[in-house]
Amino acid sequence: MEKKPVLSIGIMFKNEIRCLERCLKSLRPLREAIPCEVVMADTGSTDGSRAVAEQYADILIDFPWRNDFAAARNAILDRCSGSWCLTVDADEWLDEDISELTAFLRSWDGRPYVLGAVVVRNYSTYDFSGSYLDFFATRLACMAEGPRYVGAIHERWEWPGREVPNTLLRHTVLHHDGYVEMNTNGEAGRRKQARNMTLLREKLKREPENLMVYLQMVESGRNEPDYLDILRQAVKLVEERKPYWEMLGPPILRYAVTLAGINKLPERGEWIQKAEEWFPNSAFIQIDVAFQAFSYFLERDEFEEAARRGEIYLKALEEDRAGRLDPSARLRSAVQSAAPLKEQAMKIALADAYRNLERAEEARELLMCLDFSALDQGTTGKLAQALMNLQMNTRIDTAGLAAAVWDGISAPLPDRKRAKERKRILCETMLPAFRAENREREEEKSFFFRHTYTVLLPLTGKCELGTAAAILETEDVSRLEQLLATVEDWTVFPPEALDHAIRRGVRFPLKGRTLNIEIMDLLAAGLAGCGDIFELISLTGAVSAENTQELCWSRGLVFAAMQEWEDVEQKMALARRFVEVERVFLPLCYAGEVLREERIFVLPPMHRFGWYCVQAFDALDSGDAPSYARLLRTGLASCAAMMPMVEFLTKNTPELQTPPPSPELLALAEKVRTVLAACPADDPAVTALKASPAYRKVAHLIERDEI
Numbered sequence: 099m100e101k102k103p104v105l106s107i108g109i110m111f112k113n114e115i116r117c118l119e120r121c122l123k124s125l126r127p128l129r130e131a132i133p134c135e136v137v138m139a140d141t142g143s144t145d146g147s148r149a150v151a152e153q154y155a156d157i158l159i160d161f162p163w164r165n166d167f168a169a170a171r172n173a174i175l176d177r178c179s180g181s182w183c184l185t186v187d188a189d190e191w192l193d194e195d196i197s198e199l200t201a202f203l204r205s206w207d208g209r210p211y212v213l214g215a216v217v218v219r220n221y222s223t224y225d226f227s228g229s230y231l232d233f234f235a236t237r238l239a240c241m242a243e244g245p246r247y248v249g250a251i252h253e254r255w256e257w258p259g260r261e262v263p264n265t266l267l268r269h270t271v272l273h274h275d276g277y278v279e280m281n282t283n284g285e286a287g288r289r290k291q292a293r294n295m296t297l298l299r300e301k302l303k304r305e306p307e308n309l310m311v312y313l314q315m316v317e318s319g320r321n322e323p324d325y326l327d328i329l330r331q332a333v334k335l336v337e338e339r340k341p342y343w344e345m346l347g348p349p350i351l352r353y354a355v356t357l358a359g360i361n362k363l364p365e366r367g368e369w370i371q372k373a374e375e376w377f378p379n380s381a382f383i384q385i386d387v388a389f390q391a392f393s394y395f396l397e398r399d400e401f402e403e404a405a406r407r408g409e410i411y412l413k414a415l416e417e418d419r420a421g422r423l424d425p426s427a428r429l430r431s432a433v434q435s436a437a438p439l440k441e442q443a444m445k446i447a448l449a450d451a452y453r454n455l456e457r458a459e460e461a462r463e464l465l466m467c468l469d470f471s472a473l474d475q476g477t478t479g480k481l482a483q484a485l486m487n488l489q490m491n492t493r494i495d496t497a498g499l500a501a502a503v504w505d506g507i508s509a510p511l512p513d514r515k516r517a518k519e520r521k522r523i524l525c526e527t528m529l530p531a532f533r534a535e536n537r538e539r540e541e542e543k544s545f546f547f548r549h550t551y552t553v554l555l556p557l558t559g560k561c562e563l564g565t566a567a568a569i570l571e572t573e574d575v576s577r578l579e580q581l582l583a584t585v586e587d588w589t590v591f592p593p594e595a596l597d598h599a600i601r602r603g604v605r606f607p608l609k610g611r612t613l614n615i616e617i618m619d620l621l622a623a624g625l626a627g628c629g630d631i632f633e634l635i636s637l638t639g640a641v642s643a644e645n646t647q648e649l650c651w652s653r654g655l656v657f658a659a660m661q662e663w664e665d666v667e668q669k670m671a672l673a674r675r676f677v678e679v680e681r682v683f684l685p686l687c688y689a690g691e692v693l694r695e696e697r698i699f700v701l702p703p704m705h706r707f708g709w710y711c712v713q714a715f716d717a718l719d720s721g722d723a724p725s726y727a728r729l730l731r732t733g734l735a736s737c738a739a740m741m742p743m744v745e746f747l748t749k750n751t752p753e754l755q756t757p758p759p760s761p762e763l764l765a766l767a768e769k770v771r772t773v774l775a776a777c778p779a780d781d782p783a784v785t786a787l788k789a790s791p792a793y794r795k796v797a798h799l800i801e802r803d804e805i
């Protein structure tokens with residue numbers, strides 16, 4: 099005879115192919131530890147979910163959906179034969195730690211409990227990081243007591259006419275990702291919200307002053323057009339002391355304060371005050387409202403008030419985790435701001451408030467308490483900003499903190515990808531500190547102590563920004579060369595540091611360090627934004643085919659400088675430099691027989707343009723200005739992006755700036771234009787015309803106009 103199950107696990111589902119098998123697999127350890135049965139109800143699946151359920155269910159029934167969660171749950175209860183029933187949703191999965199639950203089920207005899215609540219952990223993202231909300235959900239019921247569900251939505255156990263004892267299983271967790279799409283406005287989330295709100299509105303018609311219904315509508319109806327009206331009415335009913343206002347008022351006011359901040363509602367300050375006065379001992383107020391009040395006062399630069407709320411929040415978290423705050427509050431709603439990432443964010447923000455209050459030591463110590471390996475992208479960026487503020491605006495020693503931060507965020511937790519993202523965010527946040535204009539602004543401040551980038555000095559040799567910071571603090575050429583030799587990832591290296599080193603006499607690229615052309619072009623483009631790039635070009639020395647690294651570097655600098663054509667003297671010199679570089683560069687890339695006009699079409703556009711420029715300047719230097727203009731025009735046809743350069747050269751080359759032509763010459767040019775316009779380019783008459791003395795007289799007018 100089979101042993102009667104101790105536990106029946108009830109699951110209803112409809113089109114849950116995304117997550118159903120995950121849920122069922124998570125129950126295996128429990129089924130192996132305790133005699134269990136899985137009872138499932140399919141309310142109308144069409145996506146293959148039923149086939150998955152058939153592999154795991156002990157009992158599988160069909161129950162057509164009729165907009166009533168309690169009815170479906172009760173249909174499952176009617177098939178359960180265990181001593182207890184555990185209700186699990188298809189988009190949940192049981193945590194690996196089942197020790198508390200199994201101990202409870204094995205030792206229940208003689209205990210007074212009829213119900214048991216477990217932790218439901220609602221995630222806001224699919225990466226299941228530290229961004230989640232925990233609340234207690236009463237999911238266990240003793241079958242001997244004849245439990246039934248009531249409520250078309252947000253169904254609950256009910257024993258009419260009597261109270262039943264409940265216990266909290268604090269370490270039994272059901273993870274839940276079913277509201278991720280609702281949080282991210284996904285289609286599935288919108289459908290779920292619409293379903294919930296339809297049922298709640300029907301219930302509100304029957305019970306217009308039911309605070310629990312209002313709480314559920316506030317939780318489910320973020321995208322409803324009358325959402326703020328619902329929120330304000332809920333607060334009004336709390337103010338009017340409607341039934342259960344003391345129990346439901348704290349979570350309602352918590353939502354009110356939170357959403358007032360998001361929506362910039364004028365009642366924000368008033369609601370904070372009421373929440374703190376009416377429910378000072380509630381976890382919703384000491385944790386959630388304190389978290390929101392901190393932001394409220396910080397935005398108003400009331401740092402003392404903000405710091406006080408931050409301290410209340412952190413103290414309340416300690417009390418909550420020690421079990422000294424009423425845990426039953428989570429039976430009504432989730433405490434929103436107790437997750438690890440919220441705590442980390444508060445500590446970072448509170449440290450910055452301390453810094454504003456000239457409590458730098460406390461700020462540093464608070465930041466040192468963070469678990470840097472547990473940060474996500476957002477909190478990493480905030481930490482980087484707080485660290486920079488502490489460095490620039492105080493004299494406190496941050497070396498140990500900066501080193502600890504880097505080591506912590508580099509730890510491969512929960513995986514190497516997350517660590518890489520943290521390092522990327524920190525570097526991106528701190529990179530602007532290297533810009534010359536930002537350094538100048540820092541020096542202009544009355545309270546300037548040191549440049550922000552110096553916070554990275556302890557990371558010299560550990561990360562590229564640390565090395566860059568050391569370079570900006572160094573004048574010695576040999577030391578600068580040593581530091582540059584340690585750089586491995588030039589894509590994240592601040593160009594300002596390279597600019598500093600080159601202007602101090604470092605010859606770049608370094609000997610023995612080979613860089614590819616793409617990296618050199620990237621660095622050159624960065625240097626173009628740092629200051630006078632023409633000076634850097636002059637520091638590169640003569641162009642030579644003997645050192646291809648220096649040749650490619652010179653070419654990259656020239657191309658970076660060629661983005662604008664305004665200063666006549668500098669730009670004419672730049673054009674000459676471009677020709678010098680191309681004259682050496684192209685023969686290194688191509689065989690001599692390729693670098694002939696009849697074969698030049700096989701080259702990439704920019705290389706063709708460079709070749710034509712070399713020929714054009716050779717013609718100019720030999721006194722053939724018309725050929726110079728023609729070759730520039732032909733080169734432009736190969737690479738239209740160089741139009742600014744060609745226009746500049748045409749306008750500013752002295753040999754092309756002839757005196758105004760006589761009326762007779764203009765008339766002749768117009769006749770030639772007319773003939774050329776009337777004939778195809780390959781017409782023999784065109785060829786003969788261009789070879790005639792008359793054409794040569796006006797060629798410079800015609801060809802210059804065509805550029």
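Adding 98 to a residue's 1-based position in the sequence shown gives its number in the working numbering.
By construction, the Cβ of each residue, glycine as well, lies at the ideal position given by its N, Cα and C atoms.
Cβ shell of residue i (< 7 Å), same chain only, five flanking positions each side left out
| i | result |
| --- | --- |
| residue 533 | 594 |
| residue 66 | The chain is shown only over 99 to 805; residue 66 falls outside these bounds and no answer can be derived. |
| residue 703 | 736 and 737 |
| residue 527 | 479, 482 and 483 |
| residue 311 | 298, 301, 302 and 305 |
| residue 177 | 137, 157 and 159 |
Nonlocal neighbours in the same chain, by C-beta distance under 6 Å from residue i, ignoring five residues either side
| i | result |
| --- | --- |
| residue 389 | 411 and 435 |
| residue 425 | 266 |
| residue 678 | 641 |
| residue 161 | 139, 141, 170 and 173 |
| residue 387 | 352, 355 and 373 |
Through-space distance from residue j to residue i, alpha-carbon basis
| i | j | result |
| --- | --- | --- |
| residue 350 | residue 313 | 6 Å |
| residue 761 | residue 731 | 26 Å |
| residue 648 | residue 607 | 7 Å |
| residue 543 | residue 736 | 51 Å |
| residue 193 | residue 659 | 60 Å |
| residue 224 | residue 273 | 11 Å |
| residue 419 | residue 125 | 27 Å |
| residue 656 | residue 323 | 58 Å |
| residue 631 | residue 652 | 11 Å |
| residue 365 | residue 357 | 10 Å |
| residue 154 | residue 104 | 18 Å |
| residue 785 | residue 752 | 29 Å |
Beta-carbon gap between residue i and residue j smaller than 8 Å
| i | j | result |
| --- | --- | --- |
| residue 600 | residue 621 | no |
| residue 212 | residue 262 | yes |
| residue 171 | residue 217 | no |
| residue 307 | residue 335 | yes |
| residue 523 | residue 475 | yes |
| residue 558 | residue 565 | yes |
| residue 764 | residue 792 | no |
| residue 392 | residue 404 | yes |
| residue 277 | residue 220 | yes |
| residue 707 | residue 670 | no |
| residue 484 | residue 455 | no |
| residue 230 | residue 168 | no |
| residue 556 | residue 517 | no |
| residue 506 | residue 471 | yes |
Contacts around residue i, its chain only, beta-carbon distance under 8 Å, and the 5 residues preceding and following it disregarded
| i | result |
| --- | --- |
| residue 99 | Summary for residue 99: the model assigns pLDDT 36, below 50, so the residue's position carries little reliability, and this model does not support an answer. |
| residue 805 | Per-residue confidence for residue 805 stands at a pLDDT of 49, beneath the threshold of 50, marking its modelled position as unreliable; no derived number is given. |
| residue 317 | 353 and 431 |
| residue 687 | 705 |
| residue 637 | 600 and 601 |
- Item | Three CB pairs or more closer than 8 Å across the segment 230-238 and the segment 176-187 | yes
- Query: Is there contact here, the segment 194-207 with the segment 118-133, by at least three beta-carbon pairs under 8 Å?
  - Reply: By the criterion of at least three beta-carbon pairs nearer than 8 Å, the segment 194-207 is in contact with the segment 118-133.
- Task: Assess, as a yes-or-no matter, whether the segment 458-476 is touched by the segment 494-510 under the definition of 3 or more beta carbon pairs within less than 8 Å.
- Result: yes
- Item | Those runs of the alpha helix (DSSP H) which lie wholly inside the segment 444-526 and span at least 4 residues | 458-466, 475-491 and 497-508
- 4-residue-minimum alpha helix (DSSP H) runs that sit fully inside the segment 308-360, ordered along the chain: 309-318 and 325-337
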